[in-house]
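Below: the structure, in structure tokens.
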Amino acid sequence: MTTEARALRTPAATQARSRARLLFLLCTVLPVAPAMAAPEPAPVEPEPLAPATILEVPAPVPQAVPATAAVPAVAAAPQAGGLRGKADAAASATLAVLLPHLSRNDGMLLDRSANFAGDVNRLLNQEGEQAGGKLEQVVKAAMGLLGTPYRWGGSGPDGFDCSGLVSYVFRNALGIELPRASRDMATRSDGKLIRSRDELNPGDLVFFGARGRINHVGIYVGSGQFLHAPSRGKDVRVDSLASGYWGSRFVQARRVEI
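According to mature numbering (1 follows the signal peptide of the UniProt record, and there is no 0), the sequence shown holds residues -37 to -1, 1 to 221 in order.
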């Protein structure tokens, strides 16, 4: 390298070194400027909620329900008074109680029960309205116990044996106390003895047995039918006096003095 070239290069190199020293001094002597903090985000305020709107649901308008067809009554309630009216009322009450307990094979029983009004009419004519009305109460009270289970020794509404049923009916319908056993009821001296079935009136006590010994009792309800508590496993029901098991074992009847 020539002396002239070296002379030209020296001032340029010197200037470069001077700038480097100056920059170094600036970096070491002057404090480092703190980094600018990022601006904090403005607090977000939740938007006010719109007030809840209470929807008023209109009450359902009741729909008119079409009237169902009226179930025909078993028998129309008589409006006229007198003996015939009472007889018809008794027949209506008897049928209304009997119907729920009749099976498909009880058509004959239903037909005979429809003739009950005639028996009550005859009873009212023979005994007078007062006595006839009391015996009618006995029959209605007895019919109200149809379907009650048999219970040996039972004398309450939850279960009956034959004499317990009869005693319960007369006690609650008329306030009359009867002997507890059927054989004692049959020998009761204050009741009229009836041996012929043709003379029976509703409310009479009917007795059954074998060889003259009484072992069962029921209440005559008219039209050759009687109500009783038969035996274990069976409910209070109505059976016929005309034939069959009970017809062949009928012994006698008694009319309770009222």
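Even glycine gets a Cβ: it sits at the ideal position worked out from N, Cα and C. Note that the coordinates shown come from a computational prediction; the quantities given were computed from them, not determined experimentally.
Which listed residue (the options) has its alpha carbon closest to that of residue i
| i | options | result |
| --- | --- | --- |
| ASP161 | SER130, GLY122, GLN188 and ASN135 | GLN188 |
| SER194 | LEU109, GLY96, TRP115 and ILE139 | TRP115 |
| residue 232 | ARG212, VAL199 and SER211 | There is simply no residue 232 to check, as the chain begins at -37 and stops at 221 in what is shown. |
| GLY196 | LYS103, TYR208 and PHE123 | PHE123 |
| LEU137 | ILE182, ARG143, HIS179 and GLN100 | GLN100 |
| LEU163 | PHE133, VAL184 and TYR113 | VAL184 |
Per-residue DSSP class, three states only, for residue i
| i | result |
| --- | --- |
| ASP198 | strand |
| GLY117 | coil |
| ALA136 | helix |
| SER145 | helix |
| GLY122 | strand |
Residues bridged to residue i [DSSP beta-bridge criterion]
| i | result |
| --- | --- |
| LYS155 | ARG218 |
| ALA173 | ARG176 |
| SER211 | Answer is none; SER211 lacks a bridge partner. |
| GLY181 | VAL169 |
| PRO193 | PRO193 pairs with nothing; no bridge assigned. |
| GLN188 | GLY185 and SER203 |
is_contact[residue i, chain B] using C-beta, thresh 8 Å
| i | result |
| --- | --- |
| ALA104 | Absent here is chain B; the protein component of the structure consists of one chain. |
Spatial distance of residue i from residue j (CA atoms)
| i | j | result |
| --- | --- | --- |
| SER159 | ASP121 | 33 Å |
| LEU204 | VAL102 | 16 Å |
| ASN178 | GLY107 | 24 Å |
| MET148 | PRO142 | 6 Å |
| GLY127 | GLY119 | 8 Å |
| ASP167 | ALA173 | 20 Å |
| PHE170 | VAL214 | 6 Å |
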